[in-house]
Amino acid sequence: MKTLAFCLLLTCGLAHAEVYKYIDANGNVTFTNVPIKGAKPMHLAPLSTYGGSGSGKGKAAASGKSASTPDGYPSVDNGTQTKRDEGRRKILENELANEQKALADAQKAYTDGAATRNGDETRNYQKYLDRVQKLKDAVTERQKNVDALRRELGQSSSSAQ
6 MKTLAFCLLL TCGLAHAEVY KYIDANGNVT FTNVPIKGAK PMHLAPLSTY
56 GGSGSGKGKA AASGKSASTP DGYPSVDNGT QTKRDEGRRK ILENELANEQ
106 KALADAQKAY TDGAATRNGD ETRNYQKYLD RVQKLKDAVT ERQKNVDALR
156 RELGQSSSSA Q
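Listed below in structure tokens is the structure:
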């Protein structure tokens, strides 16, 4: 399927170029625009495109639809959209709760990890700094995730927990 999609994309870029399919002795398939001995030409149907002359805008305006919605695109009634929005909000709230817990865990690991030096970190200060930096980066990453989820939910974000 990926090969077919690639072939279709390839033919899009080549306009009217001929496309050849070659299968080698190991069964590897190659699509190319250069004829190879043993390759077979592919006869592909023309690709359909959306858009074009701009006549769709007149149809949308005449039918009372907004010009930004393509003709024939399925619309959803308000009740269905509200249910979808509520479901999405619940998912985001669950993700926020999970991320806040992970942030608290990361902050605790950072606090505990920064307070002690493990093994040879007493002799090699750089190892200690590297380990603590990883813990700090984890806290920062979790905080960014929490802030992003809060923005998505329309809540105010604060870095201090």
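Sequential numbering of the sequence shown, starting at 6, is according to the numbering used here. We treat Cβ as the ideally placed atom computed from N, Cα and C, and that holds for glycine. Predicted, not measured: the structure shown is a model, and the values here were computed from it.
How is the beta strand (DSSP E) around residue i delimited, first residue to last?
i	result
T116	First-last for T116: N83 to A120, but that is the alpha helix (DSSP H), not the beta strand (DSSP E).
Y25	V24 to I28
P40	Unbroken run through P40: none, as it is neither H nor E.
P46	K45 to M47
How would you write the range of the alpha helix (DSSP H) that residue i sits in, first residue to last?
i	result
L145	Before going on, a small fix: residue 145 reads as Thr here, not Leu. Where T145 is concerned, the enclosing alpha helix (DSSP H) stretches over Y130 to L158.
Suppose you measure from the CA of residue i to the CA of residue j; what does that come to, to the nearest Å?
i	j	result
L154	A107	13 Å
T35	E104	45 Å
A65	V81	With a pLDDT of 44 at A65, under the threshold of 50, the modelled position of that residue is not reliable, and the figure given next carries that caveat. Distance between the alpha carbons of A65 and V81: 17 Å.
I28	H48	16 Å
R94	R156	12 Å
Q138	G92	37 Å
T37	G43	12 Å
K141	N99	24 Å
R136	Y78	53 Å
K132	T116	17 Å
N33	P51	26 Å
A30	V39	19 Å
K45	K26	5 Å
Nearest by alpha-carbon distance to residue i: which of the options is it?
i	options	result
D152	G32, L97 and T116	L97
I41	V24, P51 and D90	V24
G118	G159, N129 and L134	L134
Q160	V39, L101, Y130 and K26	L101
L158	T127, R128 and D90	D90
Any heavy atom of the ligand GDP inside 6 Å of the beta-carbon of residue i?
i	result
K139	This structure lacks the ligand GDP, and indeed carries no ligand of any kind.
Inset, instruction - Could you tell me whether the segment 107-114 touches the segment 142-151, using the rule of 3 or more Cβ pairs below 8 Å? - result: yes
Inset, instruction - Would you check if there are 3 or more beta carbon pairs closer than 8 Å linking the segment 122-129 to the segment 86-105? - result: no
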